[in-house]
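A short worksheet on the structure shown next.
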Amino acid sequence: MNIISINNSDFVDEFGRTLMLRGINLAGSSKIPSRPHLPTHVLDGFFNHREVSFVGRPLPLNEADEHFARLKKWGFTFLRFLVTWEAIEHAGPGIYDDEYIQYVRAILEKALSYGIQVFIDPHQDVWSRFTGGDGAPGWTLELAGMDLRFLQETGAAIVHALHGDPFPRMIWPTNAHKLAAATMFALFFAGNDLAPNTFMEGEPAQEFLQRHYIAAMRRLSHALRDLPNVVGFDTMNEPIRGYIGIEDLNKCCGRPRLGDFPTPLEAMVLASGIPLEVGVWDFKLSGNRKIASRLINPKGLRLWREGFECIWRSNGVWDIDPNGQPRLLRPFHFNQVKGRMLNFNQDYFRPFANRYAREIREEIPQAIIFIETEPSAPAPHWGKEDASRIVHAPHWYDAYTLVFKHYSSWVAGDFHTGKPVFTPWAIERSFREQIARFKREANEHLGGAPVFIGEFGIPFDLNHRRAYRSGNFSAQSKAMDRSMRAIEANLLSGALWNYTPDNTNQHGDQWNGEDFSIFSRDQQTNPQDIHSGGRALDAVLRPYPIATAGKPIFLRFDRKKKRMEYHFEHDPAINAPTELYIPLFQYPSGIRVEAPAGQTRYFPEDQRLEYMPATPGGIHRLIILPA
């Protein structure tokens with residue numbers, strides 16, 4: 019097991035070799051409780067949020083050997099390990115689930131026995147399970163004054179369990195712009211500026227929420243502090259700004275717009291029990307468009323619990339005039355404070371990330387901190403006064419395949435802009451350039467920090483789940499290969515999304531209809547075959563340089579010819595071989611190596627190739643082919 023550290027923009031080991039971390043996210047179903055089993059489509063027990071357990075997420079301890087042996091065989095020896103704030107502190111503020119924490123430790127000890135390293139991902143999506151995602155405990159919403167039962171009917175969120183099936187494809191991200199999640203993130207990051215009249219248990223909302231979130235992750239880090247395979251901590255999965263920075267509360271904000279999509283002011287009015295007609299939007303390849311209007315909250319239900327009123331009304335953003343009509347009082351409330359224009363990254367995310375890093379390192383001083391910002395948004399500007407030993411950890415997806423659950427060799431999407439890209443060669447170039455942008459950001463914003471793509475992958479339920487009926491996963495293989503080639507062309511480390519041990523064809527990763535797992539029991543026909551259950555493995559399992567004695571220059575794998583080509587510039591100061599992962603799945607009959615003069619040693623049982631050049635220095639070109 020390599021000891022992972024940072025040297026400028028590279029991950030390096032104890033010999034100074036450059037590491038390419040081929041990781042995977044474990045697991046998609048870590049977002050939901052295990053006891054009771056509450057996939058997002060299940061309503062029974064949904065509101066009993068304090069009486070749940072996440073012990074057994076991501077996998078039962080008695081199945082750990084099976085799954086870790088498979089992941090190691092598949093070359094995934096670096097995990098982005100999902101936990102949630104709710105899993106640690108679901109019972110109430112300051113009440114920790116130490117059984118879960120000890121379970122996590124036991125699972126990571128088992129991972130250590132397989133030489134698997136991890137970093138902890140405090141995962142959230144659009145705040146909480148109760149706002150259509152996952153992450154924060156339900157009591158955070160209750161302390162803000164919200165009645166969880168009425169989140170959907172008041173238009174404050176769209177929630178799978180409350181909506182029922184069929185659940186609209188990829189509609190859950192729209193919760194980022196609905197009242198519940200947008201309010202909670204505004205309180206979490208900027209409550210002192212935007213909601214100074216809002217307190218939780220007598221404490222300013224921002225301080226209360228950040229303090230509890232960080233304390234929960236610190237509690238976990240304390241339990242893991244002596245495990246050598248725990249490399250670091252992510253700050254927060256896909257943080258969002260909520261209402262921070264909105265210029266006009268009378269206009270729809272954010273993308274994608276899909277389904278019911280009230281303006282911020284409309285959302286505030288609806289939550290206060292006033293029925294309104296709001297726009298209904300659709301999303302096509304050509305973009306967003308409003309297609310209809312619909313009456314929301316016809317029963318006049320209030321989101322706010324007895325004794326509470328709308329947070330934004332109590333903070334002077336809007337009011338109701340003597341005629342009973344809503345009136346906007348502070349149209350620029352979320353855009354400027356005391357004449358200062360707000361910048362989410364610099365004013366709010368950056369101080370939070372620094373505070374988080376300081377407190378995690380009180381427990382694990384050597385922890386690497388993986389900095390995540392909003393999806394498709396630039397990284398914050400980092401200075402010498404900010405936390406060191408950080409990693410730029412953005413996410414990237416093939417936007418067209420992600421949103422439409424369809425693969426086309428001729429159509430894809432730009433993850434940053436949302437615009438379509440046409441023709442295979444333009445797509446190949448676009449994907450390379452989209453990912454290269456992350457390296458430029460790291461250099462320009464984060465002082466040359468290493469880049470680790472925290473999530474990338476494809477939905478496997480393409481084309482209305484056709485592959486599950488036919489057994490033909492060729493479309494999935496093509497989509498996966500296209501994404502993997504873009505990562506490899508940029509010589510980057512990353513974590514595939516995802517491996518979910520309890521994935522099924524019917525309910526996917528058990529969360530909001532997503533189905534990204536590269537493994538499923540429903541594809542497992544022979545439990546004795548470690549590869550059985552794998553999906554699109556011809557594209558997923560690829561040779562790659564584990565540790566390079568020098569600087570990587572070029573990497574390409576042709577999955578049809580099973581030809582890998584790798585160039586690197588050798589560093590004569592490094593007295594250790596270059597190591598490559600060579601999957602037996604791709605090369606069951608052995609390999610043929612074309613390399614400059616030097617010593618080449620192949621260890622098929624370890625799926626590993628070592629190369630030591632005869633002449634130190636210079637550029638070396640390795641080609642791997644089937645024997």
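If you're matching positions, the sequence shown starts at 19 in our numbering and goes up one per residue.
Ideal Cβ placement from N, Cα and C applies to all residues, glycine included.
Report the rounded CA-to-CA distance for residue 95 versus residue 239, giving the unit in angstroms. Rounded to the nearest angstrom, the two C-alpha atoms are 21 Å apart.
Per-residue burial, residue 62 [other beta carbons within 10 Å of its own, 16 or more giving buried]: Burial is judged here by how many other beta carbons sit within 10 angstroms of a residue's own beta carbon; residue 62 has fewer than 16 and is exposed.
Counting pairs of beta carbons, one from the stretch 171-191 and one from the stretch 275-293, are three or more of them closer than 8 Å? With a cut-off of 8 Å on Cβ pairs, the stretch 171-191 is in contact with the stretch 275-293, counting three or more such pairs.
Looking at residue 45: is its Cβ nearer than 8 Å to the Cβ of residue 442? Going by C-beta atoms, residue 45 is not nearer than 8 Å to residue 442.
Considering only the beta carbon of each residue, do residue 228 and residue 206 sit closer than 8 Å? Annotated as proximal: residue 228 and residue 206, with beta-carbon spacing under 8 Å.
My assumption, with CB atoms under 8 Å, is that residue 36 sits in contact with residue 569. Please give the rounded CB distance. Contact holds; Cβ gap of about 7 Å.
State the start and end residues of the unbroken beta strand (DSSP E) segment that holds residue 514. Here the beta strand (DSSP E) through residue 514 covers 511-514.
Residues that DSSP places opposite residue 588 in a beta bridge: DSSP lists 568 as partners of residue 588.
Please go through the same chain and pick out, in chain order, the residues whose beta-carbon is closer than 7 Å to the beta-carbon of residue 559, but skip the five residues on each side of it. So the list reads 92, 93, 601, 603 and 604, once near-sequence residues are dropped.
Are residue 564 and residue 598 close, meaning C-beta to C-beta below 8 Å? Remark: C-beta atoms of residue 564 and residue 598 approach each other more closely than 8 Å.
So within the stretch 246-324, which uninterrupted beta strand (DSSP E) runs reach at least 3 residues, ignoring any that extend past its ends? With a minimum length of 3 residues, the continuous beta strand (DSSP E) runs that stay inside the stretch 246-324 are 248-252, 294-302 and 305-314.
Short Cβ contact (8 Å threshold) for residue 73 with residue 52: In this structure, residue 52 lies closer than 8 Å to residue 73 by Cβ.
By DSSP, does residue 80 sit in helix, in strand, or in coil? In this structure, residue 80 counts as helix in the three-state DSSP scheme.
Please determine, among 294, 250 and 435, the residue with the shortest C-alpha to C-alpha distance to residue 378. Comparing C-alpha distances from residue 378 to each of 294, 250 and 435 shows the shortest one belongs to 250.
Name the residue from 311, 412, 302 and 631 whose alpha carbon lies nearest to the alpha carbon of residue 253. Per the Cα distances, 412.
Buried or exposed by the 16-neighbour rule on C-beta atoms within 10 Å, applied to residue 81: Answer is exposed; the Cβ neighbour count stays below 16.
Buried or exposed: where does residue 528 fall if 16 or more other Cβ atoms within 10 Å of its Cβ makes it buried? Counting Cβ neighbours within 10 Å, residue 528 comes out buried, since at least 16 surround it.
Could you check which residue in 618, 103 and 566 has the C-alpha nearest to that of residue 32? Selected option, being the one with the closest Cα: 566.
Within 10 angstroms of its Cβ, does residue 370 collect 16 or more other Cβ (buried), or is it exposed? So residue 370 ends up on the buried side.
Determine, for residue 46, whether the minimum Cβ-Cβ distance to residues of chain C falls below 8 Å. Among the chains of the structure shown, chain C does not appear; only one protein chain is present.
Taking 6 Å as the limit between beta carbons, can you name the residues of its chain near residue 612, skipping five residues before and five after? 641.
The alpha helix (DSSP H) with residue 167 in it runs from where to where? Looking at the DSSP string, residue 167 is not in any alpha helix (DSSP H), and its letter there is neither H nor E.
Out of 359, 362, 230 and 331, which one is the CA nearest neighbour of residue 347? Here the closest residue by C-alpha is 331.
First through last residue of the beta strand (DSSP E) which encompasses residue 345: That run of the beta strand (DSSP E) goes 344-346.
Can you give me the start and stop residues for the beta strand (DSSP E) that residue 643 sits inside? Going by DSSP, residue 643 is part of the beta strand (DSSP E) stretching over 637-644.
With C-beta atoms as the reference, is residue 463 less than 8 Å away from residue 414? At the C-beta level, residue 463 and residue 414 stay beyond 8 Å of one another.
Using 8 Å as the cut-off, can you tell me whether the stretch 101-109 makes contact with the stretch 219-236, which would need three or more C-beta pairs spanning the two stretches below that distance? Touching, yes, given that three or more Cβ pairs across the two stretches are closer than 8 Å.
Candidates 122, 226 and 216, of which the one nearest residue 163 by Cα: Taking each of 122, 226 and 216 in turn and checking the Cα distance to residue 163, the smallest one comes out for 216.
Does the Cβ of residue 264 have 16 or more other Cβ atoms within 10 Å, making it buried, or fewer, making it exposed? Classification for residue 264: buried.
Pairwise C-alpha distance: residue 77 and residue 536: In a straight line, the C-alpha of residue 536 is about 15 Å away from that of residue 77.
Under 7 Å Cβ to Cβ from residue 281, same chain only, skipping five residues before and after it: list those, please. Here the set comprises 267, 268, 269 and 270.
Rounded C-alpha distance that separates residue 481 from residue 175: Taking the straight line from one Cα to the other gives about 28 Å.
Flag this pair as touching only if the stretch 490-506 and the stretch 387-405 have three or more C-beta atom pairs under 8 Å; answer yes or no. The stretch 490-506 vs the stretch 387-405: no contact.
Is the stretch 124-131 close to the stretch 582-591, with three or more CB pairs under 8 Å? Result no; under three Cβ-Cβ pairs closer than 8 Å.
Put residue 37 into one of helix, strand or coil per three-state DSSP. Three-state DSSP puts residue 37 in a strand.
Spatial neighbours of residue 367 within its chain, please: CB distance less than 7 Å, with the 5 preceding and 5 following residues excluded, ordered by chain position. Only 207, 257, 391 and 398 meet the Cβ criterion.
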